[in-house]
Amino acid sequence: MSQPVAKVSLTGIKPTGEPHLGNLIGAIRPALQLAEQYDSVYFIADYHALTTVRDPELLRHYSRSVAATWVAAGLDPTRTTFYVQSDVPEIFELNWVLSCVTGKGLMNRAHAYKAARDRNVEAGEEPDAGVNMGLYNYPILMAVDILIMESDVVPVGKDQVQHVEYAADIAGSFNHLYGKSYSFKVPKAIIPDAGTGHTLPGLDGRKMSKSYDNTIPLFLPENKLKKLVRRIPTDSTPVEDPKDPDSSSVFQILEQFAPASAADIVADTRKRLEAGGMGWGELKNVLFEVLNTELGPLRERYDALMEPGSELDTMLAEGAEKARERAGRVLGSVRKAIGVGK
Ligand code: ADP
Ligand code: TRP
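Numbered per our numbering, the sequence shown spans residues 761 to 1102.
Okay, here's the thing in structure tokens:
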């Protein structure tokens, strides 16, 4: 009897900055958990970053940094198909094909594009000022990423759900036209934090995000990590007063980040805050210790992977080969279905 084929989980991270705690907790860890049950396909979306990152050295650095982060966080490249998007040319051929079955109106309604227009209008600029066609077509390229790997589920943050719905729509348009010969699988978004609704707060209490410049990057040297933790804002409640752990960014980061092995520390810290007698300074020391204990070994692995010529190169080269094989199969069927090639 043949084994049932595992469902495919796919996600990509855009290399637009140094990976931070929010990325680890909100994206990387949950994706790695899914990799235990799914046929997992995880990649670095460098061509998506090109819509904003214009410095070639930076783009190269961020791409490597995101790749090294995945591996340092536990991705096993022998189990996961792990690659850099730009190493898979099949994606860009399918990008054209799917552009030809996608309505322009759909792109007009995309959140990211609409938000850019709204900002321009508010600032009294031309609605499309500063909008490049990469930003406009972004959802089509993302649909290709998803469809070419025959994805069943796509773990993403809330802001990306529309893009996955677009991928499903675009699959539908293609299937309607060519379904007799080839049909794409229709993907579904899953939001890893849906159960908790948690978003990790950043250094200013807003969502931790590169866009707000308020992140705690994952692999800072110890002294810098300590300094950043000290910068998380707290109020002026005196040390002896009882405090509400759930309204403190420092405690939230501790609670969401702490591994199971530090559950006792979290529970004890909660009790001590509620009872009074624990100051914010001491809470920050606890957070720093937990972060540093957990991230220390990952940092070492990350630094080694970031070295030029490290094993990361082989992992990505092998990953690209696997990805091209998967993508090539689908692209072959698509070419046949639409009437190009032999
Ligand atoms: P940023 O907001 O820093 O630009 P991205 O949009 O590149 O981060 O996010 C990549 C992934 O990390 C997404 O899946 C997103 O949901 C997750 N993520 C980013 N910031 C946070 C956060 N503060 N809390 C939880 N998840 C986050
Ligand atoms: N657009 C996603 C983001 O900004 C990154 C991404 C590109 C992606 N291609 C993808 C995510 C395919 C999931 C599936 O976070």
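By construction, the Cβ of each residue, glycine as well, lies at the ideal position given by its N, Cα and C atoms. Predicted model, so just to flag it, every value in this text is computed and none were measured.
The ligand TRP heavy atom lying under 8 Å from the CB of residue i
i       : result
Tyr798  : no
Val914  : yes
Asp929  : no
Gly917  : yes
Ala805  : yes
His780  : no
Tyr898  : yes
Lys774  : yes
Leu901  : yes
Asp905  : yes
Leu784  : no
Thr771  : yes
Gln1016 : no
Residue range of the unbroken alpha helix (DSSP H) whose run includes residue i
i       : result
Ala1023 : 1023-1035
Phe1017 : 1009-1017
Ile906  : 893-908
Gly1056 : 1040-1066
Thr784  : The sequence given here places Leu at residue 784; Thr does not occur at that position. Per DSSP, Leu784 belongs to no alpha helix (DSSP H) and is neither H nor E.
Ser825  : 816-832
Gly932  : 921-938
Val1094 : 1071-1098
Ser859  : 850-859
Lys1103 : Because residue 1103 is not part of the residues shown, which for the chain are 761 to 1102, the question remains open.
Gly865  : 864-868
Val989  : 982-991
Nearest-angstrom Cα separation, counted from residue j out to residue i
i       : j       : result
Thr1053 : Gly890  : 44 Å
Gly1092 : Phe944  : 13 Å
Asp847  : Ala1087 : 11 Å
Asp806  : Lys1102 : 31 Å
Phe979  : Ala832  : 10 Å
Thr841  : Arg1089 : 15 Å
Glu886  : Ala1097 : 41 Å
Asp995  : Ser800  : 43 Å
Gln1016 : Tyr798  : 24 Å
Thr959  : Gln922  : 18 Å
Ser933  : Ser941  : 14 Å
Asn935  : Thr862  : 12 Å
Ser769  : Arg1084 : 17 Å
Leu792  : Lys918  : 18 Å
Gly884  : Ala876  : 13 Å
His808  : Ile906  : 13 Å
Glu925  : Ala903  : 9 Å
Arg879  : Lys864  : 21 Å
Where the beta strand (DSSP E) through residue i begins and ends
i      : result
Val801 : 799-804
Pro915 : 913-915
Phe842 : 841-844
Val768 : 768-773
Assumed close pair residue i, residue j - CB separation to whole angstroms, cut-off 8 Å
i       : j       : result
Leu1043 : Val1010 : 5 Å
Leu1014 : Thr1029 : 7 Å
Ala927  : Pro952  : In fact, because the Cβ distance is near 18 Å, the residues do not count as touching under 8 Å.
Val989  : Ile950  : No, Val989 and Ile950 are not in contact; Cβ-Cβ is about 31 Å, not under 8 Å.
Ile908  : Leu866  : Contact flag wrong, Cβ pair sits at about 19 Å.
Pro790  : Thr829  : Not confirmed; about 14 Å, so no contact.
Residue from the options with nearest C-alpha to residue i
i       : options                            : result
Val813  : Gln920, Glu796, Lys864, Lys970     : Lys970
Leu810  : Arg1086, Gly894, Ala1018           : Gly894
Ala1064 : Leu784, Gly1036, Ser825            : Ser825
Val981  : Asn935, Phe1017, Gly1056           : Note that residue 981 corresponds to Pro in the displayed sequence, not to Val. Closest by alpha carbon: Gly1056.
Lys743  : Leu1047, Pro899, Thr959            : Look at the range of the chain in this structure, 761 to 1102, and you will see that residue 743 is not part of it.
Gly1039 : Ser1070, Ala931, Lys1003, Val904   : Lys1003
Lys1031 : Phe1048, Pro1019, Glu1060, Asp1001 : Asp1001
Lys1082 : Asn983, Val1026, Ile950, Gln845    : Gln845
Leu1072 : Asp905, Leu835, Asn868             : Leu835
Lys984  : Ala1027, Ala1023, Gly1036, Leu1051 : Leu1051
Gly1079 : Phe803, Gly1099, Ala787            : Phe803
Residue i: CB within 8 Å of a non-hydrogen atom of the ligand ADP
i       : result
Ala787  : yes
Gln1012 : no
Gln793  : no
His923  : no
Lys967  : yes
Asp1063 : no
His871  : no
Pro977  : no
Lys1133 : Residue 1133 is absent from the structure shown; the chain starts at 761 and stops at 1102.
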